[in-house]
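Sequential numbering from 5 applies to the sequence shown in this note's numbering.
In what follows, a single structure is set out as structure tokens and then discussed.
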Amino acid sequence: MAKSIFKTKIKISNVNVIAKIVVDAVLTIQRQKEISDLNLIEILQMEDQNDLESRFVRGIVLDHGARHPDMPKILHNVFILVCNISLEYEKSEINSNFVYNSCELQGKLSGIERDVIDKKINKIIQLKRLVCKGGNKSFLILNQKGIDNISLDLLCREGILALRRTKKKNMERISILCNAIPVNSSDDIDSTILGFAGIVYEKIIGEEKFTFIENVSNPFSGTILIKGMNNFLTKNTEEIIRDGIKTIKLCFEDDGYLLGGGDIESEGSRHLSSYANKIFGEKKFGVLALSKSLLIIPETLRENEGKRILKDLGNKKIKNHPLKNSKLQKKIFSPTKETIFDCFSSKKQILNSVCSIATQILQIDEILLGKGLGN
Numbered sequence: 005m006a007k008s009i010f011k012t013k014i015k016i017s018n019v020n021v022i023a024k025i026v027v028d029a030v031l032t033i034q035r036q037k038e039i040s041d042l043n044l045i046e047i048l049q050m051e052d053q054n055d056l057e058s059r060f061v062r063g064i065v066l067d068h069g070a071r072h073p074d075m076p077k078i079l080h081n082v083f084i085l086v087c088n089i090s091l092e093y094e095k096s097e098i099n100s101n102f103v104y105n106s107c108e109l110q111g112k113l114s115g116i117e118r119d120v121i122d123k124k125i126n127k128i129i130q131l132k133r134l135v136c137k138g139g140n141k142s143f144l145i146l147n148q149k150g151i152d153n154i155s156l157d158l159l160c161r162e163g164i165l166a167l168r169r170t171k172k173k174n175m176e177r178i179s180i181l182c183n184a185i186p187v188n189s190s191d192d193i194d195s196t197i198l199g200f201a202g203i204v205y206e207k208i209i210g211e212e213k214f215t216f217i218e219n220v221s222n223p224f225s226g227t228i229l230i231k232g233m234n235n236f237l238t239k240n241t242e243e244i245i246r247d248g249i250k251t252i253k254l255c256f257e258d259d260g261y262l263l264g265g266g267d268i269e270s271e272g273s274r275h276l277s278s279y280a281n282k283i284f285g286e287k288k289f290g291v292l293a294l295s296k297s298l299l300i301i302p303e304t305l306r307e308n309e310g311k312r313i314l315k316d317l318g319n320k321k322i323k324n325h326p327l328k329n330s331k332l333q334k335k336i337f338s339p340t341k342e343t344i345f346d347c348f349s350s351k352k353q354i355l356n357s358v359c360s361i362a363t364q365i366l367q368i369d370e371i372l373l374g375k376g377l378g379n
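Next up, the structure:
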């Protein structure tokens, strides 16, 4: 089903890769007896020469990395602290003034401010030493606020990877993925609020840094990495994938799919033709008109394939209706040969919309005739 969706939208060489990515993503967020939330799937663009390296990550990918050059690039068995704590000098949230009359007093006030930040950093370091005691364990800090250079240097000496200015959206997803509890105060920091991930690593692509958090403890969300040669290609692929995810989600909810390639329309036309033979009067012409209109889709698909269906039908000299000969119909419309499928919900909505629009158009004609404008 996924391959049928993407075959007409992207390069054939990328169809298998993108189809597998989309199916894995939808299966990851599936819950029994629950409606799947597509917002749990994030799509991230990367500029790369090889677009076949696009993949689905059962975790999260952050679009930034550590600000300290000596921090570790890869961590295993990682405890994660998710916080919104200021670890830098900043202006107070309320209007305040510090009045001093000498350089010594100014230095004393600055030292007190530094001590406040150092106490927060030391508490985090003590927690890291406690939970990472023995074995191959590591520590990661994801802070929504800033971390100054002195604090980064202290954390680096302890082998801690710290990321600052993390987006609120990513913080929420990490909390769910890693079973972490976000904290807003250093007083709430202890071992019970920490999340866990199997591996965290930093990767540089071009001039940008990305941080990958994988093997998470609650893998019910993920990130799709789209790689392409330029921004236009990656953006176009992202839009295609978003539409494909919605369609695949509907297929799982429908618990089935339909044959595509015009098969449903041709069978519908056959059914309407049989029904038209059982009725009389003006209604018969309306049913026949609808039956004929349904054939436009398979005929158009056949012409797009490079074959002239109307000429083929004419050579066979079929009477009454072009689909009366089942052998010729099977020869002309063969979706199973190319394994083309359609989404049931999408097809149902299309047919409902078509009938609704046709009814409105007919009502407009009746209004015009009632006002004497038909002539």
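By construction, the Cβ of each residue, glycine as well, lies at the ideal position given by its N, Cα and C atoms.
> Opposite residue 65 in the DSSP bridges: which residues?
Replying inline: 216
>> With distance defined between alpha-carbon atoms, name the residue in 281, 269 and 11 nearest to residue 355.
In response: 269
> Name the DSSP bridge partner or partners of residue 205?
Replying inline: 78 and 216
> By DSSP, does residue 368 sit in helix, in strand, or in coil?
Replying inline: helix
> Closest by CA to residue 10, which one among 243, 302, 277 and 192?
Replying inline: 243
>> Rounded to the nearest angstrom, what separates residue 13 and residue 344 at their Cα positions?
In response: 14 Å
> For residue 236, does the three-state DSSP call read helix, strand or coil?
Replying inline: helix
>> Check for me: the alpha helix (DSSP H) holding residue 23 runs from which residue to which?
In response: 16-33
> Where does the unbroken alpha helix (DSSP H) through residue 184 begin, and where does it stop?
Replying inline: It is not in any alpha helix (DSSP H) - residue 184 carries neither H nor E in the DSSP assignment.
> Where does residue 55 fall in DSSP's three states?
Replying inline: helix
>> Quick check: the region 214-224 against the region 53-73, are at least 3 beta-carbon pairs closer than 8 Å?
In response: yes
>> Buried or exposed, going by whether 16 or more other CB atoms sit within 10 Å of the CB of residue 293?
In response: exposed
>> Do residue 49 and residue 238 count as a contact pair if the criterion is CB distance below 7 Å?
In response: yes
> Going straight from the alpha carbon of residue 281 to that of residue 263, what length do you get?
Replying inline: 26 Å
> For residue 227, which of helix, strand or coil comes out of DSSP?
Replying inline: strand
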